[in-house]
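Visitor:
Protein chains in written order, with our numbering: chain D, 5 to 156; chain P, 34 to 173.
Shown next as structure tokens:
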């Protein structure tokens, strides 16, 4: 239990670090080259760890469908927009807005059944969560001259 | 513009969760991570070739530490896969979001990793706490 909680926190911390480190790459190389580099090193790291953990099973691509190659392009959007937003807003605001958008779109995908075939009903927790986030954003902006997120 | 980009990044991450789950049902976790990122790198490189290269290759000027951002993905994949096996997807997803926000707030508040120090005022902490609580509720 504790191990699971700790590892989840480690994973989250590394996601945060990764975005900050990637943003620094963009100080010396162009955004598109930075995106290429991040994805390439990520792929090589997955190959190395996959080889260590499961051996040559990592090359088993029998379930591969042509469309999967295009799914990989979604990662380009993730890295590129994250680097660009970080440069403009700084880490805290970027991650804050990105997390809220991520939750909102996931909710939307679930409710509409978009791509995730089984449609999921809106739970009361979701509505409470959205209300909490909106009030959080309002309070976060109270003393700031520049609005963080334009609610409404 | 920055806000739109941040919202877009959230959209792409949500989309990626769906596509990775689809691929993950056919291929192993590591094969999925390797193939999707290799395809992404190819796509990004093609765009790079057509983009205005106003900045020449300056990788040697980047602090070596910052070159490892991409490979952190492997640590993220490994630890979240194990975390899910212990506490389930719901709790691990909520914790991953919390830790992610927590670490960037801390790094920016103390100005670590060459970032400009950005103080967070008293009231803003309350707002952050509410947002985190909201994120937990939605992840449940």
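Note that CB positions come from ideal geometry on N, CA and C, so glycine has one too.
Note that the structure is predicted; figures quoted are calculated from it, not measured.
Could you give the uninterrupted runs of the alpha helix (DSSP H) lying entirely in the stretch 44-84 of chain P, keeping only those of 4 residues or more?
Guide: List check, alpha helix (DSSP H) in window: 62-83.
Visitor: Taking only beta-carbon atoms, is residue 95 of chain D less than 8 Å away from chain P?
Guide: Taking Cβ atoms only, chain P reaches closer than 8 Å to residue 95 of chain D, which makes this a yes.
Visitor: What did DSSP end up calling residue 69 of chain D once you bin it into helix, strand or coil?
Guide: Looking at residue 69 of chain D - three-state DSSP - the assignment turns out to be coil, as it is neither helix nor strand.
Visitor: Could you check what DSSP says for residue 146 of chain P in three-state terms: helix, strand or coil?
Guide: Correct three-state label for residue 146 of chain P: coil.
Visitor: Residues of chain P with CB under 7 Å from residue 13 of chain D, in chain order?
Guide: Neighbours of residue 13 of chain D on chain P, chain order: 128 and 132.
Visitor: Closer than 8 Å is the cut-off here; do at least three beta carbon pairs connect the stretch 116-136 of chain P with the stretch 154-173 of chain P?
Guide: Flag = yes, the stretch 116-136 of chain P and the stretch 154-173 of chain P touch.
Visitor: Taking all protein chains shown into account, decide if residue 148 of chain D is buried (16 or more other Cβ within 10 angstroms of its Cβ) or exposed.
Guide: Per-residue confidence for residue 148 of chain D stands at a pLDDT of 49, beneath the threshold of 50, marking its modelled position as unreliable; no derived number is given.
Visitor: Residue 143 of chain P touches chain D at which residues, Cβ-Cβ below 9 Å?
Guide: What residue 143 of chain P touches in chain D: nothing, since even the nearest Cβ is about 12 Å away.
Visitor: Would you say residue 96 of chain P lies against chain D (beta-carbon separation less than 8 Å)?
Guide: Chain D contact via Cβ: present.
Visitor: Any beta-carbon of chain P closer than 8 Å to the one on residue 79 of chain D?
Guide: It does; some Cβ of chain P falls within 8 Å.
Visitor: I need the DSSP call for residue 34 of chain P, collapsed to helix, strand or coil.
Guide: Residue 34 of chain P falls in the coil class under three-state DSSP.
Visitor: Using a cut-off of 7 Å between C-beta atoms, extract the partners of residue 52 of chain P located in chain D.
Guide: Under the 7 Å cutoff, chain D gives 75 and 78.
Visitor: Is any beta-carbon of chain P found at less than 8 Å from that of residue 57 of chain D?
Guide: By this cut-off, residue 57 of chain D is an interface position.
Visitor: Ends of the alpha helix (DSSP H) at residue 95 of chain D?
Guide: Per DSSP, residue 95 of chain D belongs to the alpha helix (DSSP H) from 95-116.
Visitor: Am I right that residue 69 of chain P and residue 81 of chain D are in contact with their C-beta atoms under 8 Å? What's the rounded C-beta distance?
Guide: About 12 Å separates the two Cβ atoms, so there is no contact after all.
Visitor: Are the Cβ atoms of residue 149 of chain P and residue 32 of chain D separated by less than 8 Å?
Guide: Not a contact, by the Cβ cut-off of 8 Å.
Visitor: Distance cutoff 8 Å, beta carbons only. Does residue 123 of chain P sit that close to anything in chain D?
Guide: Closer than 8 Å: no.
Visitor: Establish whether the CB of residue 115 of chain D and some CB of chain P are separated by less than 8 Å.
Guide: It does not; no Cβ of chain P falls within 8 Å.
Visitor: Could you tell me whether the Cβ atoms of residue 42 of chain D and residue 135 of chain P are closer together than 8 Å?
Guide: Against a cut-off of 8 Å, the Cβ pair of residue 135 of chain P and residue 42 of chain D comes out as no contact.
Visitor: When the Cα atoms are used, what is the spatial distance from residue 124 of chain P to residue 83 of chain P?
Guide: Taking the straight line joining both Cα atoms gives about 42 Å.
Visitor: Quick check: the Cα distance between residue 47 of chain P and residue 56 of chain P, rounded to an integer number of angstroms?
Guide: Using only the alpha carbons, I get a separation of about 15 Å.
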